[in-house]
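Engineer: Dumping the structure here so I can ask a few things about it.
Number of protein chains: 2
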Amino acid sequence: MAGGGEVIDNKQVILKQLVNGAPKESDMAVNTSSISLKVEEGSNGLVVKNLYLSVEPYVKIRMKKFEHPDFSSFTPGSAMDGFGVAKVVDSGRPEFQKGDLVWGIVGWEEYSVIKNPESFFKIHHADVPLSYYTGILGMPGMTAWVGASGAVGQLVGQFAKLLGCYVVGSAGSKEKVEILKNKLGFDDAFNYKEEKDLDAALKRCFPEGIDVYFENVGGKMLDAVLLNMRLNGRIAACGMSAEHNLEEPEGVQNLRIIIHKRIRMQGFVVFDYFPQYSEFLDDVLPQIREGKIVYLEHITEGLENAPAALAGSENVWKQVVLVSRE
Amino acid sequence: MAGGGEVIDNKQVILKQLVNGAPKESDMAVNTSSISLKVEEGSNGLVVKNLYLSVEPYVKIRMKKFEHPDFSSFTPGSAMDGFGVAKVVDSGRPEFQKGDLVWGIVGWEEYSVIKNPESFFKIHHADVPLSYYTGILGMPGMTAWVGASGAVGQLVGQFAKLLGCYVVGSAGSKEKVEILKNKLGFDDAFNYKEEKDLDAALKRCFPEGIDVYFENVGGKMLDAVLLNMRLNGRIAACGMSAEHNLEEPEGVQNLRIIIHKRIRMQGFVVFDYFPQYSEFLDDVLPQIREGKIVYLEHITEGLENAPAALAGSENVWKQVVLVSRE
Numbered sequence: 104m105a106g107g108g109e110v111i112d113n114k115q116v117i118l119k120q121l122v123n124g125a126p127k128e129s130d131m132a133v134n135t136s137s138i139s140l141k142v143e144e145g146s147n148g149l150v151v152k153n154l155y156l157s158v159e160p161y162v163k164i165r166m167k168k169f170e171h172p173d174f175s176s177f178t179p180g181s182a183m184d185g186f187g188v189a190k191v192v193d194s195g196r197p198e199f200q201k202g203d204l205v206w207g208i209v210g211w212e213e214y215s216v217i218k219n220p221e222s223f224f225k226i227h228h229a230d231v232p233l234s235y236y237t238g239i240l241g242m243p244g245m246t247a248w249v250g251a252s253g254a255v256g257q258l259v260g261q262f263a264k265l266l267g268c269y270v271v272g273s274a275g276s277k278e279k280v281e282i283l284k285n286k287l288g289f290d291d292a293f294n295y296k297e298e299k300d301l302d303a304a305l306k307r308c309f310p311e312g313i314d315v316y317f318e319n320v321g322g323k324m325l326d327a328v329l330l331n332m333r334l335n336g337r338i339a340a341c342g343m344s345a346e347h348n349l350e351e352p353e354g355v356q357n358l359r360i361i362i363h364k365r366i367r368m369q370g371f372v373v374f375d376y377f378p379q380y381s382e383f384l385d386d387v388l389p390q391i392r393e394g395k396i397v398y399l400e401h402i403t404e405g406l407e408n409a410p411a412a413l414a415g416s417e418n419v420w421k422q423v424v425l426v427s428r429e
Numbered sequence: 104m105a106g107g108g109e110v111i112d113n114k115q116v117i118l119k120q121l122v123n124g125a126p127k128e129s130d131m132a133v134n135t136s137s138i139s140l141k142v143e144e145g146s147n148g149l150v151v152k153n154l155y156l157s158v159e160p161y162v163k164i165r166m167k168k169f170e171h172p173d174f175s176s177f178t179p180g181s182a183m184d185g186f187g188v189a190k191v192v193d194s195g196r197p198e199f200q201k202g203d204l205v206w207g208i209v210g211w212e213e214y215s216v217i218k219n220p221e222s223f224f225k226i227h228h229a230d231v232p233l234s235y236y237t238g239i240l241g242m243p244g245m246t247a248w249v250g251a252s253g254a255v256g257q258l259v260g261q262f263a264k265l266l267g268c269y270v271v272g273s274a275g276s277k278e279k280v281e282i283l284k285n286k287l288g289f290d291d292a293f294n295y296k297e298e299k300d301l302d303a304a305l306k307r308c309f310p311e312g313i314d315v316y317f318e319n320v321g322g323k324m325l326d327a328v329l330l331n332m333r334l335n336g337r338i339a340a341c342g343m344s345a346e347h348n349l350e351e352p353e354g355v356q357n358l359r360i361i362i363h364k365r366i367r368m369q370g371f372v373v374f375d376y377f378p379q380y381s382e383f384l385d386d387v388l389p390q391i392r393e394g395k396i397v398y399l400e401h402i403t404e405g406l407e408n409a410p411a412a413l414a415g416s417e418n419v420w421k422q423v424v425l426v427s428r429e
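Chains as they are written, first to last, in our numbering: chain A, 104 to 429; chain B, 104 to 429.
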């Protein structure tokens, strides 16, 4: 089975069993297995050394038992996986060379075998922090960019500002609200946990109504937004967060408002737009370099700290695990 | 106040008081007032003799207390109103001449004063039954036509068939299901009242999934449809029926499906499309004349029978009141 070559220890974050509710640190274990650093004979895959792992709802969802056309649950007893930044150690295909930096779906482990690297992106611009390829220059950033010509989280608002919109954010803590307003350049923001009446909060922030809503929450917020949409308004519905509580969807009561307000609601999944990734980079990289976009991330060092980082990731902007600096 | 000219008796259907729940015949009274058959001095309105009145959800809704940006409740003690076909008796504007046939919003009465006839349509084609201008050639038909390039009721399915779609209808009785399949040319149909599991019914009728759904119902049906939509499917959300139970909206649980199925949902209101009415007529009139579209209506004679017709209008395809033949 081994492809030959050096076999070394490989620390891994393992899911012990499928979970209900919010994942806890104790649902995961850090084990050590071994891995060959050469691709198997005849394989056109890769062996990569993982540098950064993205901690996000997508990973948490997959710790649960659920059915979804695009994703499946993790296999208990095996390493978890998710988006990450890695360096190619060995390659069975000419497009990737040893030493190349890449991003894509990797194991939560020090080294990964990538059998089908078709959906991996090579990183050509390393003058920005490599962790950015798990965030602003990765799936969340691309989602925000796609949706903001309609809008994710900290980024969609900034992209919308750059497009000339008046932008109001909603966040779950006083600190986040302050950061949205004072650091990220949002025109206004409110704390949805402290607003007793979301409808009133939206009327205060948008006295003339809402033209574009980036739907990433569902339930009560969407109901309140529908009440405050303007005629011919648009709703971009995206993402992963909305899929978070798959087992207990919150009903939407005010959907009929889309009729008399002539609202268009468009669901989208960022993967469909990955062919436009280079266009996205051309647009966003200069804005990062010029400081026009502020990007907030929280980096936890060490794969052994990944379970705690995941279990406690609710209240930070973007959580990343640094597995290795190179 | 009177504009001069002949003053005659004018039978009217009066709303006694705003209602809760389904309107009953006893909520209305047929009274007789009087009306001058000449437009007031200086007015650019019309006086019309009403021929047909359209019995529809829109009229029932307005018998209730509710708030809506486009419609208001009727005033208790006054005549109700709604779409109808009428003949001009006197006109204060050159576009309309005595004898012209028109359709638009008229009182539920023998004669009406139309202060603002801007939204009236002149009827140029009287070779089809005039009642059709309350239905297939009026608001419901236009709604079906607008929605069917995506898809109302008996008509949207026929328009969709003419566009080449495989069409399945949902109706509330065995008789209606038979008519959909055998008279209206639907490919299939089911009785939503007899299906215990709407999801299973849709899977049976659409084993490969649904591309286009004409949403006119909401609630449980929409939830089941969402489960059966195909990738990149489209939902046209229109109409009046959906507004029917304004006081008790039914929640939608499966809305998040629009994300991973990349569904576009577009609300629309037929009034926005009235500038295209002549295009609609050019398209639909020949199909009616050639018998390519089957149109089912139920005509009750006599304004005095309008309250009973309205109260009992649930189970017919299209209910019309014949006030006068000319």
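Glycine included, C-beta positions come from ideal geometry on N, C-alpha and C.
As the structure is a prediction and not an experimental result, all values here were calculated from the model.
Using 8 Å as the cut-off, can you tell me whether the stretch 185 to 201 of chain A makes contact with the stretch 130 to 142 of chain B, which would need three or more C-beta pairs spanning the two stretches below that distance?
Structural biologist: No contact exists between the stretch 185 to 201 of chain A and the stretch 130 to 142 of chain B.
Engineer: Would you be able to state if there are at least three C-beta pairs under 8 Å between the stretch 191 to 210 of chain B and the stretch 133 to 153 of chain B?
Structural biologist: Yes: at least three Cβ pairs fall under 8 Å.
Engineer: Would you identify the three-state DSSP class for residue 308 of chain A, choosing helix, strand or coil?
Structural biologist: Translated into positions along the first sequence, residue 308 of chain A becomes position 205. Here residue 308 of chain A sits in helix by DSSP.
Engineer: Between B:233, B:246 and B:170, which has its C-alpha nearest residue 373 of chain B's C-alpha?
Structural biologist: Working through the second sequence from its first residue, we reach residue 373 of chain B at position 270. Comparing Cα-Cα distances from residue 373 of chain B to each of B:233, B:246 and B:170, the minimum goes to B:246.
Engineer: Tell me whether the beta-carbon of residue 205 of chain B lies closer than 8 Å to the beta-carbon of residue 225 of chain B.
Structural biologist: By 1-based counting over the second sequence, the position of residue 205 of chain B is 102. By 1-based counting over the second sequence, the position of residue 225 of chain B is 122. Yes, the Cβ-Cβ distance between residue 205 of chain B and residue 225 of chain B is below 8 Å.
Engineer: Between the stretch 368 to 382 of chain A and the stretch 392 to 409 of chain A, are three or more C-beta pairs nearer than 8 Å?
Structural biologist: The stretch 368 to 382 of chain A, when compared against the stretch 392 to 409 of chain A, does not touch it at the 8 Å Cβ threshold.
Engineer: Report yes or no: is there a C-beta of chain A within less than 8 Å of the C-beta of residue 358 of chain B?
Structural biologist: Here residue 358 of chain B corresponds to residue number 255 of the second sequence, with the count starting at 1. Residue 358 of chain B counts as touching chain A.
Engineer: Whole angstroms is fine: what's the gap from residue 260 of chain B's alpha carbon to residue 268 of chain B's?
Structural biologist: Numbered from 1 along the second sequence, position 157 holds the residue referred to as residue 260 of chain B. Numbered from 1 along the second sequence, position 165 holds the residue referred to as residue 268 of chain B. In a straight line, the C-alpha of residue 260 of chain B is about 9 Å away from that of residue 268 of chain B.
Engineer: To which residues of the same chain is residue 390 of chain A closer than 8 Å at the C-beta, ignoring the five residues directly before and after it?
Structural biologist: Counting from 1 along the first sequence, the entry for residue 390 of chain A is found at position 287. Answer for residue 390 of chain A: 265 and 396, listed in chain order.
Engineer: Taking 8 Å as the cut-off, decide whether the C-beta atoms of residue 202 of chain B and residue 216 of chain B are in contact.
Structural biologist: The residue labelled residue 202 of chain B in the question sits at position 99 within the second sequence. The residue labelled residue 216 of chain B in the question sits at position 113 within the second sequence. Not closer than 8 Å, so no.
Engineer: Mind listing which residues of the stretch 365 to 377 of chain A have their C-beta closer than 9 Å to chain B's C-betas, in chain order?
Structural biologist: Here the close residues are 365, 366, 367, 368, 369, 370, 371, 372 and 375.
Engineer: Is it right to say residue 377 of chain A is buried, meaning 16 or more other beta carbons lie within 10 angstroms of its own, or is it exposed?
Structural biologist: Taking the first residue of the first sequence as 1, we reach residue 377 of chain A at position 274. Counting Cβ neighbours within 10 Å, residue 377 of chain A comes out exposed, since fewer than 16 surround it.
Engineer: Rounded to the nearest angstrom, what separates residue 278 of chain B and residue 359 of chain B at their Cα positions?
Structural biologist: Position 175 of the second sequence, counted from the start, is the residue given in the question as residue 278 of chain B. Position 256 of the second sequence, counted from the start, is the residue given in the question as residue 359 of chain B. Computed Cα separation, rounded: 35 Å.
Engineer: Could you tell me whether the stretch 402 to 413 of chain B touches the stretch 113 to 123 of chain B, where touching means 3 or more Cβ pairs closer than 8 Å?
Structural biologist: The answer is yes - the stretch 113 to 123 of chain B touches the stretch 402 to 413 of chain B, with three or more Cβ pairs under 8 Å.
Engineer: Kindly list the residues whose CB is nearer than 6 Å to the CB of residue 312 of chain B, restricted to its own chain and excluding five residues on each side of it in sequence; keep chain order.
Structural biologist: Within the second sequence, residue 312 of chain B is the residue found at index 209, counting from 1. Closer than 6 Å at Cβ, skipping near neighbours: 331 and 333.
Engineer: Can you look up residue 223 of chain B in the DSSP assignment and give me helix, strand or coil?
Structural biologist: Residue mapping note: residue 223 of chain B aligns to position 120 of the second sequence, counting from 1. Residue 223 of chain B: coil per DSSP, three-state reduction.
Engineer: For chain A, check one thing: does any of its Cβ atoms lie closer than 8 Å to the Cβ of residue 341 of chain B?
Structural biologist: Here residue 341 of chain B corresponds to residue number 238 of the second sequence, with the count starting at 1. Yes, its Cβ sits closer than 8 Å to a Cβ of chain A.
Engineer: Would you report the Cα separation of residue 168 of chain B and residue 124 of chain B, rounded to the nearest angstrom?
Structural biologist: Position 65 of the second sequence, counting from 1, holds the residue named residue 168 of chain B. Position 21 of the second sequence, counting from 1, holds the residue named residue 124 of chain B. Near 10 Å, if we compare the C-alpha coordinates of residue 124 of chain B and residue 168 of chain B.
Engineer: Can you give me the Cβ contacts of residue 411 of chain A inside the same chain, cut-off strictly under 8 Å, excluding the 5 residues immediately before and after it?
Structural biologist: Counting from 1 along the first sequence, the entry for residue 411 of chain A is found at position 308. So the list reads 128 and 403, once near-sequence residues are dropped.
Engineer: Based on DSSP bridge pairs, tell me the residues matched to residue 113 of chain B.
Structural biologist: Looking up residue 113 of chain B in the second sequence gives position 10. In DSSP, residue 113 of chain B forms a bridge with B:136.
Engineer: Can you give me the Cβ contacts of residue 426 of chain A inside the same chain, cut-off strictly under 7 Å, excluding the 5 residues immediately before and after it?
Structural biologist: Here residue 426 of chain A refers to the residue found at position 323 when the first sequence is read from its first residue. For residue 426 of chain A, where only same-chain residues beyond five positions count, the Cβ hits under 7 Å are 153, 154, 155, 156, 213 and 406.
Engineer: Beta-carbon separation of residue 355 of chain B and residue 325 of chain B under 8 Å?
Structural biologist: Residue mapping note: residue 355 of chain B aligns to position 252 of the second sequence, counting from 1. Residue mapping note: residue 325 of chain B aligns to position 222 of the second sequence, counting from 1. For residue 355 of chain B and residue 325 of chain B, yes; Cβs fall inside 8 Å.
Engineer: Mind checking which residues open and close the beta strand (DSSP E) that includes residue 332 of chain B?
Structural biologist: Counting from 1 along the second sequence, the entry for residue 332 of chain B is found at position 229. Note, residue 332 of chain B: beta strand (DSSP E), 332 to 341.
Engineer: Quick one, are the C-beta atoms of residue 305 of chain B and residue 327 of chain B less than 8 Å apart?
Structural biologist: The residue labelled residue 305 of chain B in the question sits at position 202 within the second sequence. The residue labelled residue 327 of chain B in the question sits at position 224 within the second sequence. Going by C-beta atoms, residue 305 of chain B is nearer than 8 Å to residue 327 of chain B.
Engineer: Using CA atoms only, rank isn't needed, just tell me which of B:120, B:370, B:228 and B:297 is closest to residue 180 of chain B.
Structural biologist: As a first step, residue 180 of chain B must be located in the second sequence, where it is residue number 77. For the residues B:120, B:370, B:228 and B:297, the minimum Cα distance to residue 180 of chain B belongs to B:120.
Engineer: Please classify residue 183 of chain A: does DSSP put it in a helix, a strand, or coil?
Structural biologist: As a first step, residue 183 of chain A must be located in the first sequence, where it is residue number 80. Of the three classes helix, strand and coil, the one that applies to residue 183 of chain A here is coil, per DSSP.
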